[in-house]
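**Q**
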Amino acid sequence: MIIAFKANNKIKIFLSLNITKRTKKCFLDINKVGLIFFISLLLFSNIYFIIAHINCSGYFVNHNLEKLKEVIEKYENDEKWLFMNFKVFMRPYLLEKKPVDIICFPLPPNEGEFLELLSLAPNGTLIIFSNDRSLTWYEYGSSYAKKYWDHEEISLNKVVIRFEEELKNFKIFRIYSLFNVKDAVKASNIHIQHNVSYYIKKARLRLQVRCEKEVKLLLLISTPKFTDVIVMKLKPGMDVIEREYKIGYLRIMAFEVKDHELARIYDCQIWPYVLTRFYASIYVIILTLIAVLFIYLLRGEEYEAVSSNT
């Protein structure tokens, strides 16, 4: 027997069930039952559309990145530098087991820094341009990269960038220069310390550079969208460099520029693993609301059981 009545401004249902000669009485809150039913219906009704959307996503389209990875690995070099306008999508392929140390950068944010970087990049550096909009929309360098698509050669002072080969949606250029790279982190007399302060939407990077003699320094600060190129001459003493970026992954590499040589003196990767106070507060509030909702939905109701010997 089912009886519906209203009590304390809530609609409740009285159930009388005869099960194995026992009669049980309980109250069900129709508001809670309706809410759970509505959420379940909403989730199950969207499963088909979610699967269809994922299958049609650009991430499931073959962008020929696996083939490009094989082509990159065939270029012999002890340390391979890559600059491309789709680094964020190529990165997972370069994280796999590889025969050489591949250092991958997104392109600089403007053409001036790009040309300055080419004039100092080591011999064998690869520049890879893509015209696939599904890959190039994210990075700033794509705004000027398309103007070099039809070039066969880019000539700078003592540096030549030549077209090597073309794949579907990709063109590979190689730098021929007199610069080579050597690892001088332990032997260098230049000392660099970094400090990162996180705010709501940005991270402030502070670099302290101390040197004992006048040097020319090349700094590459790689972010998810671009590579910040800083070339400066330092005098003996301490210099401070400050930059602001959106919160995200950072890689800092510093090189002392000598005659036909780049001496690597600093290499550091920074992951934003610390929550800012603003986002931490929002995170705690959301978790609290979810916990309260589940406790409210799952809390037990008082019930009365009556046994009858029949």
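Heads up: take any position in the sequence shown, counting from 1, add 163, and you land on this note's numbering. Built from N, CA and C at the ideal position, the CB exists for glycine as well.
#1: Hey, out of P269, Y429, M395, G287, whose CA is closest to I404's CA?
#2: Taking the straight line between their C-alpha atoms, what separation do you get for R144 and L413?
#3: Quick check on N248: buried or exposed, where buried means 16 or more other Cβ atoms within 10 Å of its Cβ?
#4: For P399, is the classification buried or exposed, using 16 other Cβ atoms within 10 angstroms of its Cβ as the cut-off for buried?
#5: With burial defined as no fewer than 16 other Cβ atoms inside 10 Å of the residue's Cβ, what is the status of Y429: buried or exposed?
#6: Under DSSP, the beta strand (DSSP E) around A366 begins and ends at which residues?
#7: Using a Cβ-Cβ cut-off of 7 Å (strictly less than) and excluding sequence neighbours within five positions of E424, which residues of its own chain qualify?
#8: Return helix, strand or coil for N194, following the three-state DSSP convention.
#9: If distances are taken between C-alpha atoms only, which option among Q371, K376, I235, F252 comes closest to L298?
#10: Just reading off the beta strand (DSSP E) that F336 is part of, what are its end residues?
#11: Among residues of its own chain, excluding the 5 on either side of S318, which ones have a beta-carbon nearer than 8 Å to its beta-carbon?
#12: Which term fits C431, buried or exposed, when burial requires 16 or more other beta carbons within 10 angstroms of its beta carbon?
#13: Would you call the region 377-397 and the region 329-337 in contact, with 3 or more CB pairs under 8 Å?
#14: Just to check my reading of the structure: I266 and K243 have Cβ atoms closer than 8 Å, yes? What is that Cβ distance to the nearest angstrom?
#15: I'd like the ranges of any alpha helix (DSSP H) spanning at least 4 consecutive residues and lying wholly in the region 409-452.
#16: Just how far apart, CA to CA, sit A454 and I415?
#17: Only counting the same chain, and skipping five residues up and downstream in sequence, which positions put a Cβ closer than 8 Å to that of K364?
#18: Using the DSSP secondary-structure output, state which residues sit across from N285 in a beta bridge.
#19: Go ahead and label F277 buried or exposed: buried means 16 or more other beta carbons lie within 10 angstroms of its beta carbon, across all protein chains shown.
#20: Could you tell me the alpha carbon to alpha carbon distance between D295 and E329, rounded to whole angstroms?
#21: From L257, A284, I458, L205, pick the residue whose C-alpha is nearest to that of S340; which is it?
#22: Just the C-alpha distance for Y256 and K232, rounded to the nearest angstrom, thanks.
#23: For T386, which of E407, L452, L205, L198 has the nearest alpha-carbon?
#24: Which residues mark the beginning and the end of the beta strand (DSSP E) in which I235 is found?
#25: Where does P272 sit, in a helix, a strand or coil, going by DSSP?
#26: Can you tell me which residues form a DSSP beta bridge with W244?
#27: Taking the Cβ atom as the reference point for each residue, do F268 and L383 lie within a distance shorter than 8 Å?
#28: Please classify F292: does DSSP put it in a helix, a strand, or coil?
#29: Do you know offhand how far S444's Cα is from Y361's?
#30: Straight-line CA distance for V372 to D313?
#31: List the endpoints of the continuous alpha helix (DSSP H) containing S345.
#32: Compare the C-alpha of Y307 against each of L280, L270, I235 and name the closest.
**A** Taking the definition as stated:
#1: M395
#2: Examination of residue 144 is not possible in this model, given that the chain is present from 164 through 473 alone.
#3: buried
#4: P399 comes out exposed.
#5: buried
#6: 365-374
#7: F342, N343, K345
#8: helix
#9: F252
#10: Note, F336: beta strand (DSSP E), 333-339.
#11: I324
#12: exposed
#13: By the Cβ test, the region 377-397 is not in contact with the region 329-337, since fewer than three Cβ pairs between them sit closer than 8 Å.
#14: 7 Å
#15: Listed in chain order, nothing qualifies, since the region 409-452 has no complete alpha helix (DSSP H) run of 4 or more residues.
#16: The alpha-carbon separation between A454 and I415 amounts to approximately 41 Å.
#17: K409, I410
#18: With the sequence shown as reference, residue 285 is identified as Pro, and Asn is not the correct amino acid for it. According to DSSP, P285 bridges with nothing at all.
#19: buried
#20: 13 Å
#21: A284
#22: Each residue's alpha carbon lies about 7 Å from the other.
#23: E407
#24: Premise fails: I235 lies in the alpha helix (DSSP H), 228-237, not in any beta strand (DSSP E).
#25: Coil, per DSSP.
#26: According to DSSP, W244 bridges with I266.
#27: yes
#28: strand
#29: 15 Å
#30: So the two alpha carbons sit approximately 41 Å from each other.
#31: Reading off the sequence shown, one finds Lys at residue 345, where the question assumed Ser. Per DSSP, K345 lies in no alpha helix (DSSP H); the unbroken beta strand (DSSP E) holding it starts and ends at 343-346.
#32: Closest by alpha carbon: L270.
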